[in-house]
Each structure stands twice: as structure tokens, then as C-alpha cells.
Amino acid sequence: MKKYDAVIIGFGKGGKTLAAELAAHQWSVAMVERSDKMYGGTCINIGCIPTKALIHSAALAAAGHPLTFDQRRAYYKESVAAKTALVDLLRGKNYHKLADNPLVDVYTGEGRFLSPETVEVKTAEGTLQIGGKHIVINTGAETALPPIPGIAESRRVYTSTSIMELDRLPQRLVIVGGGYIGLEFASMYASFGSRVTVLEGFPELIPREDRDIAASVREVLEKKGIEFRLNVRVNSFRDTAEGVSIAVSQEGADSEIDADAVLLATGRRPATAGLNLAAAGVRTNERGAIEVDERLHTSAPNIYAIGDVTGGLQFTYISLDDYRIVRDELFADGARTTANRGPVAYSVFIAPPLSHVGLHEAEARKAGLDIRVTKIAVSTIPRARILGPAEGIFKAVIDAKTDLILGCTLFGPESSEVINTVALAMKHGITARELSDSVYTHPSMSETLNDLFA
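Here our numbering = 1-based position in the sequence shown + 20.
1. For the alpha helix (DSSP H) containing D232, list its first residue and its last residue.
2. Give the straight-line distance between the Cα atoms of I439 and V364, rounded to the nearest whole angstrom.
3. Looking at the secondary structure, which residues open and close the alpha helix (DSSP H) in which I406 lies?
4. Please classify P166 as buried or exposed, where buried requires at least 16 other C-beta atoms within 10 Å of its C-beta.
5. Buried or exposed: where does F89 fall if 16 or more other Cβ atoms within 10 Å of its Cβ makes it buried?
6. Please go through the segment 142-168 and give each complete beta strand (DSSP E) segment of 3 or more residues, from N-terminal end onward.
7. Looking at V398: is its Cβ nearer than 8 Å to the Cβ of G412?
8. Taking the alpha helix (DSSP H) that G202 belongs to, which residues open and close that run?
9. Return helix, strand or coil for V442, following the three-state DSSP convention.
10. What first and last residue would you give for the alpha helix (DSSP H) that runs through R361?
11. Using DSSP's beta-bridge definition, name the partner residues of E130.
12. Between the alpha carbons of I391 and F414, how many angstroms are there, rounded?
13. Beta carbon of G129, beta carbon of T143: below 8 Å?
14. Give the DSSP-derived three-state secondary structure of I338 in the structure shown.
15. Assuming V346 contacts L38 under a Cβ cut-off of 8 Å, what Cβ separation, rounded to an integer in Å, is found between them?
16. So, is K33 buried or exposed, given that buried needs 16 or more other C-beta atoms within 10 angstroms?
17. Compute the distance between the beta-carbons of S466 and T441, then report whether it is under 8 Å.
18. Alpha carbon to alpha carbon, how far is G362 from K6? Give it in angstroms, no decimals.
19. Opposite Q270 in the DSSP bridges: which residues?
20. Kindly indicate if chain C contains any beta-carbon less than 8 Å away from that of L203.
21. Just to confirm the assignment, what range does the alpha helix (DSSP H) spanning K117 have?
22. Could you give the first and the last residue of the continuous beta strand (DSSP E) run that contains S375?
23. Going by the CB atoms, is the gap between D342 and I326 shorter than 8 Å?
24. Hey, out of V368, S375, I338, A371, whose CA is closest to A6's CA?
25. Whose C-beta lies closer than 8 Å to the C-beta of D423 among residues of the same chain, with five residues either side of it excluded?
26. Which word fits L80, buried or exposed, when buried means at least 16 other C-beta atoms lie within 10 angstroms of its C-beta?
27. In this structure, does DSSP put K57 in helix, strand or coil?
28. Figure out for me which residue from G131, I155, I233, V156 has the closest Cα to the Cα of G146.
29. Express the C-alpha separation of T468 and S367 in angstroms, rounding to a whole number.
30. In this structure, how does DSSP classify H462 when only helix, strand and coil are distinguished?
31. For E224, which of helix, strand or coil comes out of DSSP?
32. If you run the structure through DSSP and keep just helix, strand and coil, what is R288?
33. Which first and last residues belong to the beta strand (DSSP E) in which D471 is found?
34. Once the 5 residues before and after E25 are set aside, which same chain residues still bring their CB inside 8 Å of it?
35. Grab me the residues of R303's own chain with a C-beta within less than 6 Å of its C-beta, minus the 5 sequence neighbours each way, in chain order.
36. With distances taken from CA atoms, which of A82, K421, K22, Y59 is nearest K244?
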């Protein structure tokens, strides 16, 4: 059995960055990744990069000259090929960055614990055992499939991973799930030219957001031709000669919806199955997420868990910050923790993007905080008019006594960039007045902060 200073299970953002850091400190490192299609992790292979590449292509299609559906299908096929080429390039770069390092061994195979310091790896060539003084679990998350009859038998029901390999644009697409992932794909496929129907089991769309923001999002997406059906229960899927039939119930009435393809956007769960965590003494919670403290220690003293597998925010930049926490404990003063990470922004890449950081208005009012709320219609922003169409709302929640920014929601063009300025201001205690009085370039979306925080 070969022994290492560190064994990392999962080639994701935090894990691969930590592996390179450890090797730079002359540690011997084993990187275990179960699939040769996942070098670099979720973001590069099946998440951020491929979806945003397709979203960008879809936006160009929507902004171009009118096309027939056959022309749109041809363009979509080209877009999928370009996405695949990009992912292949980045995957290869990520693999060689570690595999070419003499202090790092990359094992492609299924890893499972035999003890807190021993991992068994089942590869195509056979099964072997490796040991690690430190072990880091970075296995990410996976699609949570609902128990709906017909999923396993259907050839036309896809997950957010498998649908990106579909190179034929569906004319009729049904998306099960009206959360953030579902809305991103709905916006993208509508821009490519599909007729999209979103089925949501709850009575409200994106319930985490304030109702005025959710209403604006729905209005904008409906203008793209997307149909939303709320309070819908999906009963089964059945393939037909022409496509797939979805049996649904809504308000006591049963009906069927015909489509060419179905996307299941019903959430993700921590990928811990098969790790044999009990053998390592690693505890999980009721949702299957690995329990960690604020420095990402698991219940086993020598084992860390980072990224999506801990059940927190599922963003690649959280995984990267988790790497910093582990790095600083190993090689610095260990002052960085999840508790002092500060406000974390997120963006949903519908068109236009929806971005948020901090508290929502409803959360602040429920907490009994003394707040003032400011809003600006995106249609009044010159830069938005240039980019067109100028749709959406910018909204801020401010502490009425201290003038500190409690939260901000930006639904409009380039919001995924502007929200980072607000998040940085919140982290460093910059007041709304200071942000309002700052000087921004013109015409830009950032200059809207002059008025939003006035």
C-alpha cells in the first residue's frame, strides 16, 4: 500500500486547488476521481462552464435575425459541439496540471474508506489501497431524481447533465422544477427556440426571493414564451412514437402534456453514496451531507470535507474558499473559517441575470429589523437601454439606523458583475451613503448604485 501525506477524493475546484498547494509545500498527494469525464470537477464539466457557454450562444441566437426552427436546430447543434470542445480543452488542462506534477498521483476510479487513513480505489485495471495522513472529501453533489414512475424507462427524460449532451434541439421541452436550475435552462432553451413549459409543485415560483422580484422574473420569462404551471404534481412519464407524455394533476384535474424532451430540475444532493463513511467514522446529517465544523473538520480528526458534499451553498467559489480555510489551517494562522466568510453573492443566469447577496426584504422584516428599501426599474438605466431589452428591478435593503447594507437583489443586465461590488462593500462595512457617493464609469450598470443607495 502506497502512503501519501494527503489523499483527496474528488477532482473539484477546492480539491484540485488544494492538491496543487500541498504539492507546492512538498507534500505527496493522491487525487482520486471516479470518472475520466470529471477531471476539474462539476463546474468545468457539467456545471458552470458548459451551461454558461450554451446560455451565451442562446443569447446570440435570440438577438439575431429571425430563424426557422430548422436553422435554430442547426445553430443549437453547433453550439453544443462548441461547448463540448471547450469542456474537453479545460478538462485536459486540469488533468495535466496535477498529473504532470511529480508529487501528485491521479487515480481514476471509485474510492471508498476502509479506515480513517485508508482508501480503497477500484480502477479499470483492478483494486488497490492507498493511505493518507490527511484525507479530504471533495465529491460534490449529484442530481436528486424524484420517485416518478417512468423515469428509468424513458429515453427522453434528462437531467441537467445529460441534456447538455443532446445535440438535437427539442421543439417542445417540459422542465420539472421551477427552481434556479430549472429557470436557467428554461430561459436558455426558450432563447434557442424551444417551446418551454415549466411544471412547479409549489404554489409560488422561486419562493426564496421577494415576491416583487419573483413576479418580475416570471413576467420577463413569460415574454420569452415560457409557460409556467404551478401547484402541479407529475405522476408519470411514458415514451410515445413522437416524444414523451407526462401525466400530471393540477387542482384536482388529471391531464397529459406531450413533449419532445423532459428535463428534471428537481435539486441536487451530496454525493456520498459508496464512500463507506462509517468505516472512517465520518458522520452525515439527515440529508446525507457530511457534518463539518467551521474549519471543515469532519468527525474524524484527520479528515476534512469541502465543497458541495457538506450540504452548504453549491457554488464553485464556495469550494474555492473552503480550500483557503484548509490551506490557512495547515500553513498559516488558521484564522479563516466558514463563520467569518462574510456575505456570499449568487447569480442565476437567466436573461437577464438575477443576482443577490445578504438578506431579502421579507427576511429582514420577519426579523423585525428597522429597514429602508429602495428600488429602481431597470428601464430607467441608460446602460440597460443600450444593451436592451431593459427589463427587471434593482433593489436594496438598508439598515435605517446604521446605513449599513443588509441585502441587495439585482435583476437586470450585467447584474452578475455589479453584485460583487455590493458584496465587497457589505463585507467591509461600507455604508449605503459611501457606495452612493462613489464615482463609477458611464454608461455602466454599476453607476446605478449612485441612485439605488442614495
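Glycine included, every Cβ here is placed at the ideal spot set by N, Cα and C. Computed from a prediction, not measured in an experiment: that's the story for all the values here.
Inspection of the coordinates gives the following:
1. As a working mapping, residue 232 is identified with position 212 in the sequence shown. Run containing D232: 231-243, per the alpha helix (DSSP H) assignment.
2. Reading the sequence shown from its first residue, position 419 is the one you call residue 439. Reading the sequence shown from its first residue, position 344 is the one you call residue 364. Rounded to whole angstroms, I439 to V364 spans 10 Å at the Cα level.
3. Along the sequence shown, read from residue 1 onward, the residue named residue 406 stands at position 386. Note, I406: alpha helix (DSSP H), 402-407.
4. For the purposes of this step, residue 166 is taken as residue 146 along the sequence shown, with counting starting at 1. P166 is exposed by the Cβ-count criterion.
5. Locating residue 89 in the sequence shown gives position 69, where the first residue counts as 1. With fewer than 16 Cβ atoms within 10 Å of its Cβ, F89 is classed as exposed.
6. 147-157, 161-163
7. As a working mapping, residue 398 is identified with position 378 in the sequence shown. As a working mapping, residue 412 is identified with position 392 in the sequence shown. In this structure, G412 lies closer than 8 Å to V398 by Cβ.
8. Stepping through the sequence shown from its first residue, residue 202 is reached at position 182. Element bounds for G202: 200-212.
9. Here residue 442 refers to the residue found at position 422 of the sequence shown. Helix, per DSSP.
10. The residue you call residue 361 lines up with position 341 of the sequence shown. That residue, R361, is in no alpha helix (DSSP H); it is neither H nor E in DSSP.
11. As a working note, residue 130 is residue 110 in the sequence shown. The partner list for E130 (beta bridge, DSSP) reads K142.
12. Residue 391 sits at position 371 when you count from the first residue of the sequence shown. Residue 414 sits at position 394 when you count from the first residue of the sequence shown. Those two C-alpha atoms are separated by around 16 Å.
13. The residue you call residue 129 lines up with position 109 of the sequence shown. The residue you call residue 143 lines up with position 123 of the sequence shown. Yes, Cβ-Cβ distance for G129 and T143 is below 8 Å.
14. For this step, residue 338 is matched to residue 318 along the sequence shown. Looking at I338 - three-state DSSP - the assignment turns out to be helix.
15. Position 326 of the sequence shown, counted from the start, is the residue given in the question as residue 346. Position 18 of the sequence shown, counted from the start, is the residue given in the question as residue 38. Their Cβ separation, rounded to whole angstroms, is 6 Å, which keeps V346 and L38 in contact under 8 Å.
16. Walking along the sequence shown from the start, residue 33 turns up at place 13. Buried, because 16 or more other Cβ atoms sit within 10 Å of the Cβ of K33.
17. Mapped onto the sequence shown, residue 466 falls at position 446. Mapped onto the sequence shown, residue 441 falls at position 421. A contact, by the Cβ cut-off of 8 Å.
18. Nothing about residue 6 can be reported from this structure: the residues present for the chain run from 21 to 474 only.
19. As a working mapping, residue 270 is identified with position 250 in the sequence shown. According to DSSP, which records beta bridges pairwise, Q270 is partnered with V252, A273.
20. Absent from the structure is chain C; it holds one protein chain and no more.
21. Residue mapping note: residue 117 aligns to position 97 of the sequence shown, counting from 1. 89-119 is the extent of the alpha helix (DSSP H) around K117.
22. By 1-based counting over the sequence shown, the position of residue 375 is 355. Element bounds for S375: 374-378.
23. Locating residue 326 in the sequence shown gives position 306, counting from the first residue. Locating residue 342 in the sequence shown gives position 322, counting from the first residue. For I326 and D342, yes; Cβs fall inside 8 Å.
24. Residue 6 lies beyond the range of the chain shown here (21 to 474); nothing can be said about it.
25. Reading the sequence shown from its first residue, position 403 is the one you call residue 423. Here the set comprises T451, A452, R453.
26. Your numbering for residue 80 matches position 60 in the sequence shown. When all chains shown are included, L80 counts as exposed.
27. Position 37 of the sequence shown holds residue 57. Here K57 sits in coil by DSSP.
28. Along the sequence shown, read from residue 1 onward, the residue named residue 146 stands at position 126. Taking only the C-alpha atoms, the option nearest G146 is G131.
29. The residue given as residue 367 occupies position 347 in the sequence shown. The residue given as residue 468 occupies position 448 in the sequence shown. Taking the straight line joining both Cα atoms gives about 18 Å.
30. The residue you call residue 462 lines up with position 442 of the sequence shown. Three-state DSSP puts H462 in coil, outside helix and strand.
31. To locate residue 224, count along the sequence shown from 1; it is residue 204. The answer is coil: DSSP assigns E224 none of H, G, I, E or B.
32. To locate residue 288, count along the sequence shown from 1; it is residue 268. The answer is strand: DSSP assigns R288 an E or B state.
33. Position 451 of the sequence shown holds residue 471. Run containing D471: none in the beta strand (DSSP E); it sits in the alpha helix (DSSP H), 468-472.
34. Against the sequence shown, residue 25 aligns to sequence position 5. Inspection of the sequence shows that residue 25 is occupied by Asp rather than by Glu. The answer, listed in chain order, is L42, W47, S48, V49, G152, K153, H154.
35. On the sequence shown, position 283 is the one that residue 303 refers to. Result list for R303: E311, S319, in chain order.
36. In the sequence shown, counting from the first residue as 1, residue 244 sits at position 224. Of the listed residues, the one whose Cα sits closest to K244 is A82.
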